[in-house]
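Numbering (my numbering), first residue to last: 151 to 439. Just so it is clear, CB atoms sit at the ideal spot from N, CA and C, and this is done for glycine as well. Before any comments, here is the structure.
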């Protein structure tokens, strides 16, 4: 009886105090977007192809060399999905542009033979997202009129097509104000750099690190409309005008819902609950004797 009373008081104490939680760890990058941005975490959101595009099949919406298609290759501009992760502790937004092959490579995982075929068509495929290549993600707040549409874009992040707007980051990565050129795509709309929000591009996309992964620092402080707890809108672009006949990929603006920080039980709390569960089973078994 005394043992049961002690158990009940211990259980009540833990119930009152609650199982303490700690924030999930910040994102760690490997260059594999699908692996790094685990959709089972509540702090990760995946915007899939059916949401991003009217036609989710990349081979239907982006032209590429027929020889690439015959060999099962897909160019590195074709976007499979866009993944976002918000770490509230550091106020950092992580973004992963998940492509079907090496991000930004016109011939994808193709080799020198595909590069030669591209050159025969007058196309070029400079490394390190050079030339007029761009991978860009634009951000817009919720529409202030309450409609299910994006507000005016506020910022862009990535590697600009116009390299005079390139930033100090890897491959010219930058985070900048949206320039507001309505006649131009987001890849041409890099305005003033936002030094307090720069973050970083994790890798120069390659065979070993094929994804385009980056961070934006102090995300909630960029503008009142970009509130990660209330959601925002994103659009992505990947392509180049110089790699004829390879096409370009441009998504629609899609909504990213508000984030809630992922939590995990502290080890000591988890151990205590496991111990109490064992005691409860033992007492129940004794009571049935």
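Output yes or no for whether 7 Å exceeds the beta carbon distance between residue i and residue j.
i	j	result
residue 287	residue 245	yes
residue 350	residue 363	no
residue 366	residue 243	yes
residue 250	residue 389	no
residue 202	residue 401	yes
residue 289	residue 384	yes
residue 321	residue 275	no
residue 332	residue 344	no
Check each candidate in the options and name the one with the smallest Cα separation from residue i.
i	options	result
residue 234	220, 192 and 283	192
residue 302	374, 265 and 227	374
residue 217	260, 326, 230 and 229	260
residue 188	236, 299 and 408	236
residue 312	339, 320, 252 and 292	339
residue 291	258, 328, 264 and 323	328
residue 307	348, 177, 268 and 270	348
residue 232	185, 299 and 324	185
residue 406	396, 198, 178 and 182	198
residue 370	346, 320 and 342	346
residue 403	410, 209 and 387	387
residue 207	194, 225, 330 and 221	225
residue 93	254, 221 and 240	Past the edges of the chain, shown from 151 to 439, lies residue 93, and the structure says nothing about it.
residue 271	194, 392 and 399	392
residue 409	183, 194 and 179	194
Please report how far the alpha carbon of residue i lies from the alpha carbon of residue j, in whole angstroms.
i	j	result
residue 273	residue 394	5 Å
residue 238	residue 196	18 Å
residue 317	residue 215	32 Å
residue 297	residue 372	22 Å
residue 357	residue 252	6 Å
residue 335	residue 181	26 Å
residue 305	residue 257	29 Å
residue 337	residue 284	6 Å
residue 267	residue 396	11 Å
residue 412	residue 323	For residue 412, the predicted structure reports a pLDDT of 47, less than 50, and the residue's modelled location is therefore unreliable. A value from the coordinates is still provided. Going from the Cα of residue 412 to the Cα of residue 323 covers about 28 Å.
residue 315	residue 399	21 Å
residue 264	residue 230	22 Å
residue 190	residue 376	24 Å
residue 219	residue 183	23 Å
residue 165	residue 299	Note on residue 165: pLDDT 43, under 50, position unreliable in the model; no value is reported.
residue 319	residue 178	18 Å
residue 241	residue 342	21 Å
residue 209	residue 200	14 Å
residue 221	residue 176	38 Å
residue 262	residue 269	10 Å
residue 293	residue 330	17 Å
residue 205	residue 295	29 Å
Next on the checklist: For the stretch 262-280 against the stretch 369-382, do three or more pairs of beta-carbon atoms, one drawn from each stretch, fall closer than 8 Å, so that the two count as touching?
Outcome noted: Counting Cβ pairs under 8 Å, fewer than three are found: no touch.
Next on the checklist: Runs of 3 residues minimum, wholly inside the stretch 267-348: which ones carry the beta strand (DSSP E) assignment?
Outcome noted: With a minimum length of 3 residues, the continuous beta strand (DSSP E) runs that stay inside the stretch 267-348 are 284-290, 305-309, 324-328 and 340-343.
Item to check | Whole alpha helix (DSSP H) elements within the stretch 187-224, 4-residue minimum | outcome: Entirely contained in the stretch 187-224, the alpha helix (DSSP H) runs reaching 4 residues are, in chain order, 199-202, 208-211 and 216-220.
Item to check | Sequence ranges, beta strand (DSSP E) only - wholly within the stretch 350-408, length at least 3 | outcome: Counting only runs of 3 or more, we get 362-366, 382-389 and 404-406.
Checklist entry - Going along the chain, which unbroken runs of the beta strand (DSSP E) with 3 or more residues stay wholly within the stretch 237-264? => result Those beta strand (DSSP E) runs which fall completely within the stretch 237-264 and span 3+ residues are 242-249.
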